[in-house]
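For what it's worth, the working numbering labels the leading residue of the sequence shown as 299, then goes sequentially. Here's the structure we're looking at; comments come further down.
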Amino acid sequence: MNWARRDVLIGGASALTFMGGATINAAPRFLDNPFKLGVASGEPTQDGFVLWTRLAPSPFDEMSGMPLEPVAVEWQVTSDEGMSKVVAKGSAIADPTMGHSVHVGVSGLEPHRHYWYQFRAGGEISPKGRTRTLPAAGAPLDVARIGVVSCQKYEHGYFTGFQHLSREDIDLVVHLGDYIYEKKGKFNQPRTHHGGTCYTLEEYRARYAQYKMDADLQAAHAAHPWAVSFDDHEVANDYAGADEGNGDPADEMTGRRIAAYQAYYENMPLRPATKPNGPHIQLFRRLHFGNLLAINMLDTRQYRTVQPCYAGKKVERCDEVFDQKAAMLGMAQEKWLYDGLGVSSARWNAIAQQVIVVPRQLAENRYSMDKWDGYEMPRRRLIGALEERRVSNPIILSGDNHRHYVAELKSKPEDQETPVIATEYIGGSIASRGDGSEMTNYGRRVLKLNPHFKYFCDQRGYLVCTITPTQWRTDYRVMIYVERPGAPVETRVSFATQDGRPGATKV
Ligand SMILES: [Fe+2]
Numbered sequence: 299m300n301w302a303r304r305d306v307l308i309g310g311a312s313a314l315t316f317m318g319g320a321t322i323n324a325a326p327r328f329l330d331n332p333f334k335l336g337v338a339s340g341e342p343t344q345d346g347f348v349l350w351t352r353l354a355p356s357p358f359d360e361m362s363g364m365p366l367e368p369v370a371v372e373w374q375v376t377s378d379e380g381m382s383k384v385v386a387k388g389s390a391i392a393d394p395t396m397g398h399s400v401h402v403g404v405s406g407l408e409p410h411r412h413y414w415y416q417f418r419a420g421g422e423i424s425p426k427g428r429t430r431t432l433p434a435a436g437a438p439l440d441v442a443r444i445g446v447v448s449c450q451k452y453e454h455g456y457f458t459g460f461q462h463l464s465r466e467d468i469d470l471v472v473h474l475g476d477y478i479y480e481k482k483g484k485f486n487q488p489r490t491h492h493g494g495t496c497y498t499l500e501e502y503r504a505r506y507a508q509y510k511m512d513a514d515l516q517a518a519h520a521a522h523p524w525a526v527s528f529d530d531h532e533v534a535n536d537y538a539g540a541d542e543g544n545g546d547p548a549d550e551m552t553g554r555r556i557a558a559y560q561a562y563y564e565n566m567p568l569r570p571a572t573k574p575n576g577p578h579i580q581l582f583r584r585l586h587f588g589n590l591l592a593i594n595m596l597d598t599r600q601y602r603t604v605q606p607c608y609a610g611k612k613v614e615r616c617d618e619v620f621d622q623k624a625a626m627l628g629m630a631q632e633k634w635l636y637d638g639l640g641v642s643s644a645r646w647n648a649i650a651q652q653v654i655v656v657p658r659q660l661a662e663n664r665y666s667m668d669k670w671d672g673y674e675m676p677r678r679r680l681i682g683a684l685e686e687r688r689v690s691n692p693i694i695l696s697g698d699n700h701r702h703y704v705a706e707l708k709s710k711p712e713d714q715e716t717p718v719i720a721t722e723y724i725g726g727s728i729a730s731r732g733d734g735s736e737m738t739n740y741g742r743r744v745l746k747l748n749p750h751f752k753y754f755c756d757q758r759g760y761l762v763c764t765i766t767p768t769q770w771r772t773d774y775r776v777m778i779y780v781e782r783p784g785a786p787v788e789t790r791v792s793f794a795t796q797d798g799r800p801g802a803t804k805v
């Protein structure tokens with residue numbers, strides 16, 4: 299049934315009393331369109347997904363222009379683009395304590411097909427979104443296609459890449475983090491951050507609102523389901539776990555993490571069960587595409603120990619790099635990852651995470667301590683798990699670096715003579731670093747010092763991966779400018795990994 303504006307809601311009742319005595323406003327009136335932040339879907343399974351929106355008629359004002367009361371939001375899912383064949387519907391509560399965000403878990407649908415969805419609150423109807431269930435678990439599957447994105451510094455450029463991504467024929471968007479950047483607005487940039495550096499919940503909410511109002515980003519959310527994980531800038535540059543925070547909510551960094559994690563949850567199509575508990579949010583999880591592909595979504599930020607060797611950007615590796623107690627994933631996530639990889643029956647096992655895993659000398663014996671280069675023992679344990687458990691076709695997907703690379707992870711990472719055990723596809727940014735150029739002195743140096751790197755490009759874009767039983771192909775989708783809108787996208791290069799043969803070859 300098509301929704302008409304200003305239909306009478308929920309049997310004409312204007313207020314409902316729910317369990318616990320809270321009064322829900324079932325017929326709210328808004329001074330302006332409450333759906334300015336768009337709609338999204340995520341966390342697809344074989345029979346459902348999560349639907350998301352956040353009501354914000356005046357996104358930069360206090361409470362985003364919403365009243366301090368819970369509001370009823372109706373939703374419906376249809377099997378047709380015309381929104382006439384309703385297959386699921388219901389009503390959710392947008393609560394002021396959660397920024398009037400809505401996270402609806404929908405289940406009981408058919409595998410491997412598109413669905414369309416829409417929200418309604420008061421007389422206002424949201425834009426329409428399209429989403430897709432995953433193929434039946436364990437079933438044979440000929441092909442899966444995923445987009446991989448990261449790093450969308452609003453100030454550095456337009457989100458043209460998301461407009462292109464919205465038109466790709468893909469099953470899922472994987473976002474590897476740096477969805478927002480936390481710093482205050484600067485002058486002389488292609489676009490300007492609204493407000494100061496984010497510390498409080500209100501400040502992080504407003505920053506998400508600014509990003510979410512971007513039409514290109516909204517188009518990519520409305521076209522595909524997403525699976526997201528964060529990196530550092532959703533909280534603060536290069537933060538490490540509870541670094542500077544001691545778990546006490548009164549502590550400045552802990553308070554900042556509590557605010558930032560809540561704002562992240564409020565603005566992402568995550569499951570209601572993912573709602574953070576203070577400075578804790580459980581993001582590591584697994585998505586299954588039939589018998590073809592498992593995607594392990596990791597969190598390399600929340601559980602890591604502080605970067606070693608004074609955390610320099612470009613330093614010699616000191617003894618701390620080899621500390622047995624150093625953590626990149628933390629014990630619980632490591633166990634979950636290695637156990638899952640050990641029993642996986644998927645042909646391809648993707649490890650979707652943030653920072654570069656392979657060694658990368660930036661100058662002779664100089665490394666960045668924020669990457670796995672600063673965490674040698676966790677890296678050795680990861681490699682050991684891939685080898686000992688004979689993991690089928692491990693593919694590492696990384697973000698963070700803002701440049702496109704292809705690299706091969708060796709059994710002993712710094713020893714070029716040892717066998718390749720995994721392939722790492724590193725996606726460039728959507729906007730961070732601005733226009734850039736195809737090759738730079740930095741790129742030439744990285745390729746020269748690190749023979750296991752096969753490709754470099756310092757222009758913006760994203761990856762499209764096409765996975766079949768015999769091959770994983772990664773297309774590097776690149777734009778030649780982002781500092782003004784309208785750039786076309788091209789497949790600059792494609793690399794492929796063949797089934798049973800780790801490593802990447804240009805195709
Ligand atoms: Fe970034």
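Note that beta-carbon positions come from the ideal geometry of N, C-alpha and C, so glycine has one too.
Taking C-alpha positions only, residue 683 is separated from residue 633 by approximately 10 Å.
Contact between the stretch 399-415 and the stretch 341-360 is present: 3 or more CB-CB pairs across the two stretches fall below 8 Å. Per DSSP, the beta bridge partners of residue 692 are 647. No heavy atom of ligand 1 is found nearer than 7 Å to the CB of residue 666. Close CB contacts of residue 503 within its chain, under the 6 Å cut and outside five residues either way in sequence, are with 397 and 561 (chain order). At least one heavy atom of ligand 1 sits closer than 7 Å to the Cβ of residue 531. Taking 8 Å as the cut-off, the Cβ atoms of residue 754 and residue 741 count as close. In this structure, residue 630 keeps its C-beta atom at 8 Å or more from the C-beta atom of residue 593. Rounded to the nearest whole angstrom, the C-alpha separation of residue 395 and residue 725 is 35 Å. Rounded to the nearest whole angstrom, the C-alpha separation of residue 482 and residue 691 is 42 Å. Contact check between the stretch 618-629 and the stretch 693-710: fewer than three CB pairs, one atom from each, fall below 8 Å, which does not count as touching. Scanning its chain for C-beta atoms nearer than 8 Å, with the 5 sequence neighbours on each side dropped, one finds around residue 431 the residues 342, 343, 344, 345, 346, 347, 407, 408, 409, 410, 411 and 413, in chain order. Not one heavy atom of ligand 1 lies closer than 7 Å to the C-beta of residue 671. One residue list follows from the rule of a beta carbon closer than 5 Å to any heavy atom of ligand 1, given in chain order as 449, 476 and 730. A straight-line Cα-Cα distance of about 24 Å links residue 772 and residue 339.
By the beta-carbon neighbour count (other beta carbons within 10 angstroms, threshold 16), residue 382 is exposed. Checking the DSSP bridge columns, you'll see residue 373 partnered with 388 and 417. Cβ-Cβ distances below 7 Å link residue 767 to 590, 645 and 797 in the same chain, with the five nearest sequence neighbours on each side left out; the list follows chain order. Inter-residue distance for residue 476 and residue 529 is about 5 Å (C-alpha atoms, whole angstroms).
Burial check for residue 578: the Cβ neighbour count within 10 Å stays below 16, so the residue is exposed.
Taken through DSSP and simplified to helix, strand or coil, residue 579 comes out as coil. Distance from residue 335 to residue 357 at the Cβ level is roughly 7 Å; contact confirmed, criterion being Cβ atoms closer than 8 Å. Separation of residue 332 and residue 508 (C-alpha to C-alpha, rounded to the nearest whole angstrom) is 14 Å.
A Cβ-Cβ distance of about 6 Å is found for the pair residue 491 and residue 453, placing them in contact under the 8 Å criterion. For the pair residue 675 and residue 370, the Cα-to-Cα distance works out to about 50 Å.
Assigned with DSSP and collapsed to three states, residue 706 falls in strand. When beta bridges are read from the DSSP output, residue 765 appears opposite 442 and 770. Within the DSSP secondary-structure output, residue 473 pairs in a beta bridge with 447 and 526. DSSP places residue 802 within a strand segment (E or B) once states are collapsed to three. Three or more beta-carbon pairs drawn from the stretch 511-520 and the stretch 460-478 are found closer than 8 Å, and the two stretches are therefore classed as touching. For residue 801 and residue 354, the gap between their C-alpha atoms comes out near 47 Å.
Shown here for residue 526: same chain residues with a beta carbon closer than 6 Å to its own, the five before and five after excluded, namely 473 and 566 in chain order.
For the pair residue 443 and residue 521, the CB atoms are not nearer than the 8 Å cut-off. Looking at the DSSP output, residue 584 bridges to 594.
Out of 670, 656 and 745, the CA that lies nearest to the CA of residue 706 is found in 656.
In the structure shown, the three-state DSSP call for residue 760 is strand.
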